[in-house]
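If you count the sequence shown from 1, you need to add 380 to reach the numbering used here.
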Amino acid sequence: MRDEHDAKEIGEILDVVSNKIPALLRGLRDVLYSKESAENMADSVGTLYKKLVEAGIPKEDALDMARGYMINLRDMTGSKGFNLGGLKWGKDNEEDED
381 MRDEHDAKEI
391 GEILDVVSNK
401 IPALLRGLRD
411 VLYSKESAEN
421 MADSVGTLYK
431 KLVEAGIPKE
441 DALDMARGYM
451 INLRDMTGSK
461 GFNLGGLKWG
471 KDNEEDED
C-alpha cells in the first residue's frame, strides 16, 4: 500500500517537473538571447577588453582573452540553446506551443 502511495507521489512530482522545466528553460533562453542581453554582453566584453589593456595587457592578447570569454559563454549556452551537463534544450528541442 505504501509503495503505491509513493509511486503516485513520484508520478505527480514528475508531472509537475515536466511541465515547469521547459517553461523555465524557455524563459532563460529568452533572457539570454534578448536585445537587452546582447547589449549587456557587448558592454561586458568591451569593458573586459578595455580593463585588460589598461592593466598593461598587449592589445592582441586582450582581444584573444575577450574572444575566449565570448566563446566560453557561447559554449555554456550552446549554439542553439542550453547545454546543461548533457541535457540540451533549445530551438531544435522545443515542442510547438500552438
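For every residue, glycine included, the Cβ atom is placed at its ideal position computed from N, Cα and C.
Beta carbon of residue i nearer than 9 Å to that of residue j
i: residue 449; j: residue 425; result: yes
i: residue 442; j: residue 433; result: yes
For the 8 Å Cβ check, are there 3 or more pairs between the region 425 to 435 and the region 400 to 414? no
What residue ranges within the region 417 to 449 form continuous beta strand (DSSP E) runs of no fewer than 3 residues, ordered along the chain? none
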